[in-house]
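All remarks here apply to the structure that follows.
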Amino acid sequence: MALENGELSKELLDSQAHIWNHILSFINSMSLKCVVELQIPDIIYRHGSPMLLSELVEALGLKRERTHSVYRLMRILVHSGFFVKQSLLTTSRGKDDETKEEAYLLAPASRLLLKDEPLNVRSFLLAMLDPMLLDPWQHMSKWFQSDDLTPFGTTHGRMFWDMASHEPKFNQFFNEAMASDARLVTSVILKHCRGVFEGLDSIVDVGGGTGTVAKAIVASFPDIRSICFDLPHVVNGLVGGKNLSYVAGDMFQAIPNAQTVLLKWILHDWTDEECMKILKQCKKAIPSKKNGGKLIIVDMVIKVHEGENKVLETQLLFDMLMLTLVTGRERSEDDWAKLFFDVGFSDYKITPILGLRSLIEVYP
Numbered sequence: 001m002a003l004e005n006g007e008l009s010k011e012l013l014d015s016q017a018h019i020w021n022h023i024l025s026f027i028n029s030m031s032l033k034c035v036v037e038l039q040i041p042d043i044i045y046r047h048g049s050p051m052l053l054s055e056l057v058e059a060l061g062l063k064r065e066r067t068h069s070v071y072r073l074m075r076i077l078v079h080s081g082f083f084v085k086q087s088l089l090t091t092s093r094g095k096d097d098e099t100k101e102e103a104y105l106l107a108p109a110s111r112l113l114l115k116d117e118p119l120n121v122r123s124f125l126l127a128m129l130d131p132m133l134l135d136p137w138q139h140m141s142k143w144f145q146s147d148d149l150t151p152f153g154t155t156h157g158r159m160f161w162d163m164a165s166h167e168p169k170f171n172q173f174f175n176e177a178m179a180s181d182a183r184l185v186t187s188v189i190l191k192h193c194r195g196v197f198e199g200l201d202s203i204v205d206v207g208g209g210t211g212t213v214a215k216a217i218v219a220s221f222p223d224i225r226s227i228c229f230d231l232p233h234v235v236n237g238l239v240g241g242k243n244l245s246y247v248a249g250d251m252f253q254a255i256p257n258a259q260t261v262l263l264k265w266i267l268h269d270w271t272d273e274e275c276m277k278i279l280k281q282c283k284k285a286i287p288s289k290k291n292g293g294k295l296i297i298v299d300m301v302i303k304v305h306e307g308e309n310k311v312l313e314t315q316l317l318f319d320m321l322m323l324t325l326v327t328g329r330e331r332s333e334d335d336w337a338k339l340f341f342d343v344g345f346s347d348y349k350i351t352p353i354l355g356l357r358s359l360i361e362v363y364p
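What follows is the structure, encoded as structure tokens:
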């Protein structure tokens, strides 16, 4: 890595490009946030056919001077796979000459950004890219040199969960983000893993938020008594229905009894010691394996040496997110097995059907 015959080595230039891509990768995220806030996916979807750049600028209500800036914004997101570009021949008014103009269609990924898409991830995107959750990354080096539990705490002076319980706006956007994710994951589980719920008489969704998962279970399995269990500031005021109830409490203290306990994206928020406390309460809440008792976990199972590169990269990014916001982490199968057996569970089964995450059934 040096000058060779007066020319920079290819290795040096490749290294520079690699570093620059990492330095500037935040631009992908913020560009995506921008198009969601401008509702560009919705505008293109409603248009119903390839939308010309000029039509998009007009629909956005922007000055014509912004046209080239919109083109550049769309160009990076076409490159990232969120939109599809087409060149269309257009004729100007009063002229016979045809000119080529750029037009856009939605790519499959951008359909999850549509307001009217029931499984959209807009709330999750906007929450993750909110300054409240981005600022802690600016303080990571300071956190490493401190005794604080998390970079979030270093930045905001209080822990993530304390912030959620005392700041209504923060609590709302966090709950909306979790509900957004829950709709997508639950639809996959109920379509491809229905057998997991068949024959159950009751289930308690621990940390169930506003009840997205509990409602979906009742809608698909009307005979299952479904309990959404969460902290008082989350469930107070929420009204249940037939076979759906909301219960306030603390999962570290006690969990309502049911045939099955569901933990969707809960345990990755906590340390091993805290997870063991939660799992012990889960074990108390369910009957024996002989009587149909089990625990259902939806979480990541990292396979560092086997994972497809993109999937593994996303899992490792989530692990860093846990490091920054809370005290938890993403876990390998060995990590999960140790937790289960240390608490006294007898067996487990992993079904890797949820993309980045897996469905784990754990038996007492």
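Just so you know, we're using our numbering here: the sequence shown kicks off at 1 and counts up by one. Beta carbons: idealized from backbone N, C-alpha and C, even for Gly.
{"Item": "6 Å Cβ shell around V78 - same chain, five flanking residues per side excluded", "Value": "K85"}
{"Item": "Coil, strand or helix - Q86 by DSSP", "Value": "strand"}
{"Item": "C-alpha distance - T314 paired with L356, whole-angstrom precision", "Value": "8 Å"}
{"Item": "Cross-strand partners of K100 (DSSP beta bridge)", "Value": "L89"}
{"Item": "Under the three-state DSSP convention, the category E330 falls into", "Value": "coil"}
{"Item": "Cβ shell of L190 (< 8 Å), same chain only, five flanking positions each side left out", "Value": "F197, A216, I217 and S220"}
{"Item": "Inter-residue spacing [alpha-carbon to alpha-carbon] between L38 and N257", "Value": "46 Å"}
{"Item": "Of the residues S358, I44 and S31, the one placed nearest R75, counting alpha carbons only", "Value": "S31"}
{"Item": "Pairwise C-alpha distance: S346 and K284", "Value": "14 Å"}
{"Item": "Alpha-carbon to alpha-carbon, G153 and F144", "Value": "12 Å"}
{"Item": "According to DSSP, residues forming a beta bridge with V196", "Value": "Paired residue(s): none; V196 is not in a bridge."}
{"Item": "Continuous beta strand (DSSP E) stretch holding S226: start and end", "Value": "R225 to D230"}
{"Item": "DSSP three-state assignment for E361, whether helix, strand or coil", "Value": "strand"}
{"Item": "Simplified DSSP assignment, three categories, for D299", "Value": "strand"}
{"Item": "Sufficient close CB pairs (3 or more, under 8 Å) joining the stretch 276-292 to the stretch 232-248", "Value": "no"}
{"Item": "Among K338, V301 and G293, the one whose alpha carbon lies nearest that of E330", "Value": "V301"}
{"Item": "Buried/exposed call for Q259, threshold 16 Cβ in 10 Å", "Value": "buried"}
{"Item": "D181 to N309 span [Cα, whole Å]", "Value": "23 Å"}
{"Item": "Three-state class that DSSP yields for G241 in the structure shown", "Value": "strand"}
{"Item": "Proximity below 8 Å, CB of L295 to CB of V326", "Value": "no"}
{"Item": "Own chain residues within Cβ distance below 8 Å of I255, not counting five before or after", "Value": "V204, V206, F229, G249, V261, Q281, C282, K284 and A285"}
{"Item": "Segments of 4+ residues assigned as alpha helix (DSSP H) that fall wholly inside the stretch 263-296", "Value": "272-285"}
{"Item": "Separation of L13 from N21, as counted between CA atoms", "Value": "12 Å"}
{"Item": "V36 vs L113 beta-carbon contact at 8 Å", "Value": "yes"}
{"Item": "CB contact flag (E101, L53, <8 Å)", "Value": "yes"}
{"Item": "Distance CB(T212)-CB(T186) smaller than 8 Å", "Value": "yes"}
{"Item": "For N393, the nearest candidate out of P41, I224 and F252 (CA to CA)", "Value": "Beyond the ends of the chain as shown, which are 1 and 364, falls residue 393; an answer cannot be given."}
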